[in-house]
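Take a look at the structure below.
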Amino acid sequence: MLEGIEPGRSPIDLSVGEPGHPMPDLVGPILADHIGEFSKYPPIWGTPELRDAIAGWIGRRYPPLRGQIDAERQILPLCGSREGLFSAIFPALSRRSELSDPIVLIPNPYYFSYAAAAAGAKAQAVYMEARPEFGFLPDFEAIQSDLLDRTVAMYLASPSNPEGAVAGEDYLEAAIGLARAHDFVLFADECYSEIWIEAPPAGALETAYRRFGDFHNLIVFQSLSKRSNLPGLRSGFCAGDPDFIASYAALRNVACPQMPLPLQDVSAALWRDEAHVEANRQLYRAKFEAAARILGGRLGFYPPQGGFFLWLNVSQKGGGEAAAATLWKAYGVKVLPGAFLGHQYEDGTNPGKNYVRLALVGDLPTTEEALARIVEWAESE
Ligand SMILES: Cc1ncc(COP(=O)(O)O)c(C=O)c1O
């Protein structure tokens with residue numbers, strides 16, 4: 019959309035959600051120590067050390083789950099969460115092979131891989147609008163029950179991208195309850211769960227365990243991309259329903275990438291370490307405090323409950339696409355029009371239309387400069 023247009027001032031790019039903080043120091047030495055393991059094929063299940071490290075992290079992050087996760091049957095490493103969010107749709111579809119017209123439920127706005135999965139599985143994507151008046155989370159009451167009976171999977175992101183909305187335990191219980199009642203798989207995308215300002219977001223695994231006593235019909239997706247500032251490591255995992263994990267592992271063993279062994283060693287060390295994660299959160303906190311100070315109440319600013327995005331309402335300034343064009347042309351600030359993250363319904367409406375998304379992934383001074391320019395624009399005629 020902005021190709022060929024020169025920025026009006028020195029460019030600042032807030033449009034790409036790629037974590038930009040320094041990566042943890044422990045990565046280099048561990049990689050060097052284990053470099054020889056690139057000569058081996060890695061197991062699809064991951065090493066016992068990696069699965070133990072992940073189970074340990076889950077138990078520390080969600081204390082009721084301490085000792086409750088079976089590292090052998092309930093955890094599967096992924097090469098980042100994205101490939102998992104895509105390929106997990108296939109076992110979800112297979113477990114409901116009696117359905118001739120399957121449905122995948124997707125929040126709107128949403129992360130693209132959910133829709134790619136539905137398309138890849140030739141399932142119908144049904145979008146669940148995440149309205150501001152409902153805390154930017156989908157309203158499950160609005161989904162017709164005949165659709166739920168045809169559903170193979172529901173994607174739900176908490177914290178969400180782009181709105182930074184967090185689902186509480188009651189909401190997660192409702193989502194898991196629907197999955198259990200209608201026998202679909204809830205894919206809980208929690209890759210932003212470690213970036214929070216005030217309180218750590220609730221988790222779907224913990225909720226399932228507390229409210230239902232097991233993890234049936236639930237798979238949680240996690241990642242080191244945001245938590246540890248390592249989007250290039252391509253390391254994540256999924257955890258939950260052991261029957262689903264077994265069939266997914268069988269598929270992955272013939273069709274999906276394994277995580278190279280040296281990267282499994284690095285990942286295990288990262289899941290064991292919380293100091294770098296806290297330092298990372300502090301860097302985001304400083305930027306969110308700056309955003310509150312500089313933006314004040316302008317453009318519907320609210321501090322996100324999790325994640326690293328601002329979701330600003332620019333309806334008074336002509337909507338997201340016009341705002342993104344002016345901010346770039348006149349102020350040199352690149353932001354993402356919200357409509358790019360939303361599905362447009364048949365009636366032409368798109369829940370992202372009145373918004374722009376800002377990724378606060380750069381350093382503090384650059385972020386402050388960008389926000390000051392946005393205020394200048396907001397106050398212009
Ligand atoms: C909501 C959401 N889920 C999943 C991902 C995938 O992240 P990764 O594959 O790096 O774990 C992203 C990446 O931006 C995201 O925004």
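For what it's worth, the working numbering labels the leading residue of the sequence shown as 19, then goes sequentially. Every residue gets a Cβ at the ideal spot worked out from N, C-alpha and C, and that includes glycine.
* To do: Pick helix, strand or coil for Q162, following the three-state DSSP scheme.
  => Taking the sequence shown and counting its residues from 1, one reaches residue 162 at position 144. Looking at Q162 - three-state DSSP - the assignment turns out to be coil, as it is neither helix nor strand.
* Which residue comes first and which comes last in the beta strand (DSSP E) that contains V203? -> By one-based count along the sequence shown, residue 203 stands at place 185. V203 to D207 is the extent of the beta strand (DSSP E) around V203.
* **Through-space distance from M172 to S33, alpha-carbon basis** => Indexing the sequence shown from 1 puts residue 33 at position 15. Indexing the sequence shown from 1 puts residue 172 at position 154. S33 and M172: Cα-Cα distance of roughly 27 Å.
* Could you tell me how far apart the beta carbons of S176 and P219 are, in whole angstroms, since I believe they sit closer than 8 Å? => Working through the sequence shown from its first residue, we reach residue 176 at position 158. Working through the sequence shown from its first residue, we reach residue 219 at position 201. So it is a contact: roughly 6 Å between Cβ atoms.
* Spatially closest choice to A304 from G315, K140, S243 and H39, by CA coordinates -> Residue mapping note: residue 304 aligns to position 286 of the sequence shown, counting from 1. If we check each option's Cα against that of A304, H39 comes out closest.
* Can you give me the start and stop residues for the alpha helix (DSSP H) that P95 sits inside? => By one-based count along the sequence shown, residue 95 stands at place 77. Taken as a continuous stretch (DSSP letters only), P95 belongs to no alpha helix (DSSP H), being part of the beta strand (DSSP E) at I93 to L96.
* Asked: Can we count S333 as close to ligand 1, meaning its CB is less than 8 Å from some heavy atom?
  -> Start at 1 with the first residue of the sequence shown, and residue 333 comes out as number 315. Every heavy atom of ligand 1 is 8 Å or more from the Cβ of S333, so no.
* Bounding residues of the beta strand (DSSP E) (the contiguous stretch that carries T169) -> On the sequence shown, residue 169 is found 151 positions in, with the first residue counted as 1. Run containing T169: T169 to A175, per the beta strand (DSSP E) assignment.
* Cα separation between W75 and G85? -> Here residue 75 refers to the residue found at position 57 when the sequence shown is read from its first residue. Here residue 85 refers to the residue found at position 67 when the sequence shown is read from its first residue. Straight-line Cα distance between these residues: approximately 11 Å.
* First and last residue of the beta strand (DSSP E) that includes G258? -> Counted from its first residue, the sequence shown places residue 258 at position 240. Unbroken beta strand (DSSP E) run through G258: G254 to G258.
* Asked: Is DSSP giving R114 helix, strand or coil here?
  -> In the sequence shown, counting from the first residue as 1, residue 114 sits at position 96. Three-state result, R114: coil.
* Those residues which DSSP pairs with L123 across a bridge -> Within the sequence shown, the letter at position 105 stands for residue 123. According to DSSP, L123 bridges with V144 and M172.
* Any idea if S15 is buried or exposed, counting beta-carbon neighbours within 10 angstroms, 16 or more meaning buried? -> It is not possible to answer for residue 15, since the shown part of the chain is limited to 19 through 399.
* To do: Say yes only if the C-beta of D207 is nearer than 8 Å to one or more non-hydrogen atoms of ligand 1, and no if none qualify.
  => By 1-based counting over the sequence shown, the position of residue 207 is 189. True, at least one ligand heavy atom lies under 8 Å from that Cβ.
* List the endpoints of the continuous alpha helix (DSSP H) containing A136. => Here residue 136 refers to the residue found at position 118 when the sequence shown is read from its first residue. That run of the alpha helix (DSSP H) goes F130 to G138.
* Asked: Exposed or buried, which one is Y432 when buried takes at least 16 other CB atoms within 10 Å?
  -> The structure shown does not extend to residue 432, since the chain spans only 19 to 399, so no value can be given for it.
* To do: Out of G370, F154, A136 and F255, point me to the one whose CA is closest to T65's CA.
  => Working through the sequence shown from its first residue, we reach residue 65 at position 47. Per the Cα distances, F255.
* Asked: Just the Cα atoms here: how many angstroms apart are H361 and A143?
  -> For the purposes of this step, residue 361 is identified with residue 343 of the sequence shown, where counting begins at 1. For the purposes of this step, residue 143 is identified with residue 125 of the sequence shown, where counting begins at 1. Straight-line Cα distance between these residues: approximately 10 Å.
* With a cut-off of 8 Å on the beta carbons, I'd call E181 and T225 a contact; round off their distance for me. => As a working mapping, residue 181 is identified with position 163 in the sequence shown. As a working mapping, residue 225 is identified with position 207 in the sequence shown. Incorrect: roughly 20 Å between the Cβ atoms, too far for contact.
* **Host beta strand (DSSP E) of I18 (start-end)** => For the chain, the structure presents residues 19 to 399; residue 18 sits outside this window and is missing.
* Asked: When DSSP labels each residue in this structure, what does N271 get in the three-state scheme?
  -> Translated into positions along the sequence shown, residue 271 becomes position 253. In this structure, N271 counts as helix in the three-state DSSP scheme.
* Got a sec? Which residues, its chain only, sit under 8 Å from A133 by beta carbon, not counting five neighbours each side? -> Counting from 1 along the sequence shown, the entry for residue 133 is found at position 115. Only I124, A143 and H361 meet the Cβ criterion.
* **Span separating the alpha-carbon of F6 from that of S178** => As displayed, the chain neither begins before 19 nor continues past 399, which places residue 6 out of reach and without an answer.
* To do: For L330, write down the residues that DSSP places opposite it in a beta bridge.
  => Walking along the sequence shown from the start, residue 330 turns up at place 312. The partner list for L330 (beta bridge, DSSP) reads V374.
* Asked: When we look at the beta-carbon of A357 and count the other beta-carbons within 10 Å, is it buried (16 or more) or exposed?
  -> Here residue 357 is taken as the residue at index 339 of the sequence shown, counted from 1. Buried, because 16 or more other Cβ atoms sit within 10 Å of the Cβ of A357.
* Other residues of its chain near R168: CB distance less than 7 Å, five sequence neighbours each side excluded -> By 1-based counting over the sequence shown, the position of residue 168 is 150. For R168, where only same-chain residues beyond five positions count, the Cβ hits under 7 Å are L117, D119, P120 and I121.
* Asked: Would you say L288 touches ligand 1, meaning its beta carbon is less than 8 Å from a heavy atom?
  -> To locate residue 288, count along the sequence shown from 1; it is residue 270. False, no ligand heavy atom lies under 8 Å from that Cβ.
* To do: Could you pull out every residue in the same chain whose Cβ sits closer than 7 Å to the Cβ of N331, ignoring the five residues on either side in sequence?
  => Within the sequence shown, numbered from 1, the residue matching residue 331 stands at position 313. The residues are L317, G318, N372 and Y373.
* Asked: For ligand 1, any of its heavy atoms closer than 8 Å to the Cβ of F358?
  -> Locating residue 358 in the sequence shown gives position 340, where the first residue counts as 1. For ligand 1, not one heavy atom lies less than 8 Å from the Cβ of F358.
* To do: Please state if the CB of A287 and the CB of L44 are separated by a distance shorter than 9 Å.
  => Taking the sequence shown and counting its residues from 1, one reaches residue 44 at position 26. Taking the sequence shown and counting its residues from 1, one reaches residue 287 at position 269. Yes, Cβ-Cβ distance for L44 and A287 is below 9 Å.
* Alpha carbon of R91 to alpha carbon of F205, nearest angstrom -> Numbered from its first residue, the sequence shown carries residue 91 at position 73. Numbered from its first residue, the sequence shown carries residue 205 at position 187. Spanning the two alpha carbons is a distance of roughly 17 Å.
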